[in-house]
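Engineer: This is the structure, below, for whatever I ask next.
4 protein chains.
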Amino acid sequence: MVRKLQVAVSGLGRMGARHALHFLGKTPRAELVAVCDPDPRCQEWAQRNLAHYGTKIFNDFDEMLAHPGIEAVVIATVTTTHAEQAIKAIGAGKHVLCEKPLSTSVEVSQSVVDAAKKRPDLKVMCGFSRRFDASYRDAWARMDRGDIGRPAIIRSQTCDKLDPSGFFVDYAQFSGGIFVDCNIHDIDLTLWFFGADSIVKSVYAVGITAVQPALKKWADVDNGVGIVEFWGGKIAYFYGSRMMAAGQHDMTEIIGTEGKVVVNGAPQTNLVEVHEASGVRREIPPNYYGRFEQAFVNEANEFTECCLDDKPLPMKLSAAVQAVKIGCALQESFRSGLKIEFDEIGSRVGGEQLLAKL
Amino acid sequence: MVRKLQVAVSGLGRMGARHALHFLGKTPRAELVAVCDPDPRCQEWAQRNLAHYGTKIFNDFDEMLAHPGIEAVVIATVTTTHAEQAIKAIGAGKHVLCEKPLSTSVEVSQSVVDAAKKRPDLKVMCGFSRRFDASYRDAWARMDRGDIGRPAIIRSQTCDKLDPSGFFVDYAQFSGGIFVDCNIHDIDLTLWFFGADSIVKSVYAVGITAVQPALKKWADVDNGVGIVEFWGGKIAYFYGSRMMAAGQHDMTEIIGTEGKVVVNGAPQTNLVEVHEASGVRREIPPNYYGRFEQAFVNEANEFTECCLDDKPLPMKLSAAVQAVKIGCALQESFRSGLKIEFDEIGSRVGGEQLLAKL
Amino acid sequence: MVRKLQVAVSGLGRMGARHALHFLGKTPRAELVAVCDPDPRCQEWAQRNLAHYGTKIFNDFDEMLAHPGIEAVVIATVTTTHAEQAIKAIGAGKHVLCEKPLSTSVEVSQSVVDAAKKRPDLKVMCGFSRRFDASYRDAWARMDRGDIGRPAIIRSQTCDKLDPSGFFVDYAQFSGGIFVDCNIHDIDLTLWFFGADSIVKSVYAVGITAVQPALKKWADVDNGVGIVEFWGGKIAYFYGSRMMAAGQHDMTEIIGTEGKVVVNGAPQTNLVEVHEASGVRREIPPNYYGRFEQAFVNEANEFTECCLDDKPLPMKLSAAVQAVKIGCALQESFRSGLKIEFDEIGSRVGGEQLLAKL
Amino acid sequence: MVRKLQVAVSGLGRMGARHALHFLGKTPRAELVAVCDPDPRCQEWAQRNLAHYGTKIFNDFDEMLAHPGIEAVVIATVTTTHAEQAIKAIGAGKHVLCEKPLSTSVEVSQSVVDAAKKRPDLKVMCGFSRRFDASYRDAWARMDRGDIGRPAIIRSQTCDKLDPSGFFVDYAQFSGGIFVDCNIHDIDLTLWFFGADSIVKSVYAVGITAVQPALKKWADVDNGVGIVEFWGGKIAYFYGSRMMAAGQHDMTEIIGTEGKVVVNGAPQTNLVEVHEASGVRREIPPNYYGRFEQAFVNEANEFTECCLDDKPLPMKLSAAVQAVKIGCALQESFRSGLKIEFDEIGSRVGGEQLLAKL
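Residue numbers (full-length UniProt numbering), protein chains in the order written: chain A, 1 to 358; chain B, 1 to 358; chain C, 1 to 358; chain D, 1 to 358.
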């Protein structure tokens, strides 16, 4: 009989609940054996949706970790506990799939990488879901086989639907800011398409609060634009927004010396167009899950396969630290109004050099 | 100094006025010397818009025709007078650009061709504007150079925006019916893409009155679908409608053994898309002029060039009779509920043969 | 613990194998307990892909049917055995999900319906996958809530990618012909959108062999166009083809008195566009599975839910007979060259009436 | 009889020749009375294409200016002579339509504005053609009537087709650099959409030479990205490129608090799509004229109308200086690697302030 990976999910918020369902019903080689969340509403949800499949429900992460038989842990709690739980799980000898970002701090993110290095037998992955999206993979394959020549410019955006409830204001307190929270995906894609060994040369960002002035109290914005230069003559530029009227709209262009690949230039929910008195209309997904559901399912299946068959993960954990480093630098640049520079081995060029340059 | 073609326009209704302006201001090698229309409002329009350029205004076609110096006449009156005026103009030794169709009767249409044959020195053209549209020409060039293999199937539609005013009911009395009035363009395109020598094998059509039941009194419909078989294994199928909510939508697919060319599959007024709370929206032209304005201007310029430089016209006048023949057969098929058949030289296969077949 | 529907799959050809995998790994409430196929290659495939999950492998349908515990049978064999196996399974008290069409014969199709009527406790469904497609469902919901007024015209096509191997020639011997095999989907969609109680008034079809002349020996074509009138003033028209250069392209327009819904007007494999020297290009799925994979998965899950929870199926089995009736009439019209008519209760109007009409 | 504006065109290079033809044949209220160009090939072209319409041909600008009857001069020479000729023409009492930019120097540009101020009776316009494009105008009207709320972010790009001939290397010597030459259009659009009174707060740009390393000798790049902040919480970001594989691609997004308008998000030459073995393909214009021909014709007609009827021009000449100021600042930022800042009245914040800030 087939061996199934024994999976536990920590955190049953919006994304955690989805991960649980993916491992429960859409990942044939995995079995969802346990979940945990201290929130009673989440536990109730688990009772209703998971318990009759035999999934154990915990309210404490450590207790769950001690449950016999668990082989892999999916961490989908608030960002602030990602690293702590990941390190504990690694310590307990579990494979780990951790939601992005590892942390909003470069140092804390690095500590997860350090823990993982000590256990090369374990699979530890930061869940950058877009790497599992069929369209992004198609784009990557085209670039990789030379269809667009040498990639030189990347434009990428992650834009959320306007949420007038004020959700994003509270959220900003712990999110690390728009460049870390939204554009982390664009940064990760850049490191994927330009190569994980790309070395950042400079970072610059600006931002405004167009619809949520209250974001200022967390030094955050609802619209941000950033530019990242890489050594070797490559540039990426990003746009993040929280005020899209029509829905969520991520998109990416990889521009090479002989062509360009565009992912999601014309967003759409499905293959329907409506002709009506006001014109021709299509709808777009309201949120990232509407856009990336299948990518998350792929992620669950591939992570499972890597664990069971001891295959290499499709991405390096260290890239997740690079992404946080760049995201934090963008956020800092926006806050200080200053360009931030790095030397050819990626070390920060300090105030002295900047002064000398002037 | 450059010689300019001396042009007169008969009929200053919606399309006639546009023709007048095209020859006045967008056809450098032509000069609009005269116009005529018995309607006082049209004359007034001409006074305001044309007179100060030196254009003479007549209320009688024959008087205008007698005006010295006129070399070419554009006929844009109601369909019922097209043939008569065209024949008069040919008789008077003028080049003729006649709006489509020559007539709603095959015989009357043929009489124009007969008159033109006697004057091979004159350019006589029926204005199928789509032949001058950049997109249709591009499609034709692709087919002609073999990009889609051998063309075998054509799908083509001409669909007007819903006009709740009842305009189309009155209009139907003289239009010849939807297949003659709307689909005549699709038929002409078919004869262009399949070749002017294509011989019709059978014709079948059905229709309904979905929004304008009053059309029934003229045995017309507001939505019609027809199929035309050609000898040699080719099929064209058409859709005509008067109830599009979003605007005018013509479109054509030429399907070959190795590919397909689509013209106007995704209609649009311009290059603007709006992202708003209800989704992503674009608008489409409200009428055929919004779609084909530039084609009409091209038509004016090329007709002028053919007259001045004695070049062959880009299309045969006889094709215009073929188009009427097929349009009338579609209308008859819809009215009788019967398939209409033709033998290999295009002669009607009568009731006898049909009975024998059964 | 959750009860899982015990499912068996008969036939492990292209589509059968996919059904097996869907019930195995993407249908959380089902368990794939058995499969059968007499072909050794299919059994070998099952050994490699299914056996280690505990699925039993049979080479005989009757033996499989006798296996204890099976609650539902999925029939994905060649069309000619659909009905026989379905009736046997019903007789054995199993729920049935049968691939389309039930049969290429109206009478045989009806025999399945008759068998199902005797067992109202069983769920018997013909798998018209498009009814489970998110885009078609979205289109239906829009129509259903009145967004396009009263639906009056349906245009629908099912066009396969050109397969130069000659596959379709052999296939045509048993497929029932292009109108039954391809357009059965379009007919089913029409019955869905116009309503299951729509009564056909007339049927007319033409066709050509543009790339596979050998199809003539089975009286089939590689391109067919058909028109179906319904009593009450509704028209559907269909196009089926086996020679698309770019890939599979199904599409449907539902045209109402106040708007139009278009499904898959601009086909695409994913959200990628490539800008290259020859222009901007996107790819389209090579076959129906590339387009409808998720619909098949939805079908498996919903069928399972209906069986387990005794919910009504989302479609009537009798509609599947209606679809075959119309498909066969189209095929007959193409073969005879005659329009086929039906009276207001859907009974065939015979040769007498036709003659009398003349 | 109608009075026609007597127009002269200076410079018959690529764009000058087009202006000449537009005023000759597509501007009914204008008459092309004279042209001048010292290049014998251009004069020969004029002999062949213009002389027989009565247009006088000069090889010297001053001689042409002295030709009696000229009322308006179109300047389409190399950028370095724009300002000089414009000032001379103003001095001679002529209306002026000058190609963009007025100069690559802010001061020189301002000198044209100063000259124009002394002759308020004359119409002096810098030809930013996009302001006459139907799509941009539609976008503006939508924003202006509040459809997208308050505009906050503009993304705009001007990207040329790759020209491997090395043309752009030579061209870079006098063009002012990519930000002045290409993005000047995007800057002008920004000043249009955000308002002519928008005050720049900061400017930052980076660039690379991905395909034409020889551009470095003119301190220019073939790909540049820039960000411009405006006081009042608005941001524009730009991309300019000389290496598009598929063709010219300008595009603009105006992002407001309640919606977004996109111009030319999905570029296309016409309404044709080709389905072929490699997928579905459309082509895009090879150059800006393929995209903006009709805008140039509109420009000619509206400039003519303003001159003849003494109407206000649709744009302020001073905005053209603002655009050069921002373009030069982007170019300087790229060259120095430094962010450039401006105070709330738009005055440059010097090195002192920058140092003090550190």
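For every residue, glycine included, the Cβ atom is placed at its ideal position computed from N, Cα and C.
What residue ranges within the stretch 73-124 of chain B form continuous alpha helix (DSSP H) runs of no fewer than 4 residues, ordered along the chain?
Structural biologist: Runs found: 79-91 and 106-117.
Engineer: Counting along the chain, where does the beta strand (DSSP E) carrying A:Y204 start and finish?
Structural biologist: Here the beta strand (DSSP E) through A:Y204 covers V200 to I208.
Engineer: For the stretch 13-26 of chain C against the stretch 343-350 of chain B, do three or more pairs of beta-carbon atoms, one drawn from each stretch, fall closer than 8 Å, so that the two count as touching?
Structural biologist: Because the criterion of three Cβ pairs below 8 Å is not met, the stretch 13-26 of chain C and the stretch 343-350 of chain B do not touch.
Engineer: Anything in the stretch 83-95 of chain A with a Cβ closer than 7 Å to a Cβ of chain C? List those residues in chain order, please.
Structural biologist: Listed by position, the residues of the stretch 83-95 of chain A near chain C (Cβ gap below 7 Å) amount to none.
Engineer: Can you tell which of D:D186, D:G226, D:V211 and D:L189 has its C-alpha closest to the C-alpha of D:A205?
Structural biologist: Comparing Cα-Cα distances from D:A205 to each of D:D186, D:G226, D:V211 and D:L189, the minimum goes to D:G226.
Engineer: Could you check whether D:C307 and D:L5 sit closer than 7 Å to each other, using their CB atoms as the reference points?
Structural biologist: Yes, these two residues count as a Cβ contact at 7 Å.
Engineer: So A:I208 contacts chain D; which residues on that side make the cut at Cβ distance below 8 Å?
Structural biologist: By Cβ distance, chain D contributes A152, I153, G233, K234 and I235.
Engineer: Cβ of B:G350 less than 7 Å from any chain C Cβ?
Structural biologist: Not one chain C Cβ lies under 7 Å of B:G350.
Engineer: For A:A172 and A:T104, what's the separation of their Cα atoms in angstroms?
Structural biologist: If you take the alpha carbons of A:A172 and A:T104, they lie about 12 Å apart.
Engineer: Does DSSP put D:L271 in a helix, in a strand, or in coil?
Structural biologist: Residue state, collapsed to three classes: coil.
Engineer: When we look at the beta-carbon of A:G91 and count the other beta-carbons within 10 Å, is it buried (16 or more) or exposed?
Structural biologist: Under this definition A:G91 is an exposed residue.
Engineer: Looking at chain C, is there any beta carbon in it that lies within less than 7 Å of the beta carbon of B:N223?
Structural biologist: Cβ-Cβ to chain C under 7 Å: yes for B:N223.
Engineer: Cβ atoms of A:I235 and D:I208: under 7 Å apart, would you say?
Structural biologist: A contact, by the Cβ cut-off of 7 Å.
Engineer: Please look up how many angstroms separate the CB atoms of B:T257 and C:M244, rounded, as I've assumed it's under 8 Å.
Structural biologist: Actually they are not in contact, since the Cβ atoms of B:T257 and C:M244 sit about 11 Å apart, beyond 8 Å.
Engineer: Look at B:S202 and B:K339 and say whether their C-beta atoms are less than 7 Å apart.
Structural biologist: Yes, the Cβ-Cβ distance between B:S202 and B:K339 is below 7 Å.
Engineer: Closer than 7 Å by C-beta to D:Q22: which residues in its own chain qualify, once you throw out the five before and the five after it? Chain order, please.
Structural biologist: For the record, residue 22 of chain D in the displayed sequence is His; it is not Gln. Within the same chain, D:H22 has close Cβ partners F296, V297 and A300.
Engineer: When you compare each of A:K26, A:F58 and A:L189 to A:I153 by their alpha carbons, which one comes out closest?
Structural biologist: Selected option, being the one with the closest Cα: A:L189.
Engineer: Does D:V200 get closer than 7 Å to chain A when you measure Cβ to Cβ?
Structural biologist: For D:V200, the answer is no, since every Cβ of chain A falls outside 7 Å of its Cβ.
Engineer: For the alpha helix (DSSP H) containing A:Q294, list its first residue and its last residue.
Structural biologist: Run containing A:Q294: Y288 to D309, per the alpha helix (DSSP H) assignment.
Engineer: Flag this pair as touching only if the stretch 129-148 of chain A and the stretch 261-270 of chain A have three or more C-beta atom pairs under 8 Å; answer yes or no.
Structural biologist: Flag = yes, the stretch 129-148 of chain A and the stretch 261-270 of chain A touch.
Engineer: Return the first residue and the last residue of the beta strand (DSSP E) that residue 391 of chain D is part of.
Structural biologist: Nothing in the structure corresponds to residue 391 of chain D, since chain D is present only between 1 and 358.
Engineer: Is DSSP giving A:P68 helix, strand or coil here?
Structural biologist: Of the three classes helix, strand and coil, the one that applies to A:P68 here is coil, per DSSP.
Engineer: Under 7 Å, do C:Q331 and C:F194 count as touching if we go by C-beta distance?
Structural biologist: No, Cβ-Cβ distance for C:Q331 and C:F194 is not below 7 Å.
Engineer: Taking B:D186 as the reference, which of B:K100, B:A246 and B:R145 has the closest Cα?
Structural biologist: Answer by Cα proximity: B:K100.
Engineer: Under the rule that 16 or more other beta-carbon atoms within 10 Å means buried, what is C:D170, buried or exposed?
Structural biologist: It counts as exposed.
Engineer: So, under 8 Å CB-CB, B:N287 and B:K161 are touching, yes? Tell me the CB distance rounded to an integer number of Å.
Structural biologist: B:N287 to B:K161, Cβ: 7 Å. Contact.
Engineer: Taking D:V272 as the reference, give the member of C:G279, C:E273 and C:T269 with the closest Cα.
Structural biologist: When each option's Cα is compared against that of D:V272, the closest is C:G279.
Engineer: Between the Cα of B:H82 and the Cα atoms of B:N183, B:S111 and B:A134, which residue gives the shortest distance?
Structural biologist: The option with the nearest alpha carbon to B:H82 is B:S111.
Engineer: Among residues of its own chain, excluding the 5 on either side of D:T304, which ones have a beta-carbon nearer than 6 Å to its beta-carbon?
Structural biologist: Answer for D:T304: L5, T27, R29 and A30, listed in chain order.
Engineer: Can you give me the start and stop residues for the alpha helix (DSSP H) that A:P164 sits inside?
Structural biologist: Premise fails: A:P164 is in no alpha helix (DSSP H) and is neither H nor E.
Engineer: Which residue wins for smallest C-alpha separation from C:D197, given the options C:F167, C:A323 and C:K311?
Structural biologist: Of the listed residues, the one whose Cα sits closest to C:D197 is C:A323.
Engineer: Closest Cβ-Cβ distance between B:I227 and chain C: below 7 Å?
Structural biologist: It does: the Cβ of B:I227 has a partner Cβ on chain C nearer than 7 Å.
Engineer: Give the DSSP-derived three-state secondary structure of A:K260 in the structure shown.
Structural biologist: DSSP places A:K260 in strand when its eight states are reduced to three.
Engineer: Taking C-alpha atoms, which residue in D:L313, D:A319 and D:G146 lies nearest to D:V96?
Structural biologist: Of the listed residues, the one whose Cα sits closest to D:V96 is D:L313.
Engineer: Pick helix, strand or coil for C:M315, following the three-state DSSP scheme.
Structural biologist: Reduced to three states, the DSSP call for C:M315 is coil.
Engineer: Measuring only the C-alpha atoms, how far is C:S129 from C:F292?
Structural biologist: Whole-angstrom Cα-Cα distance: 7 Å.
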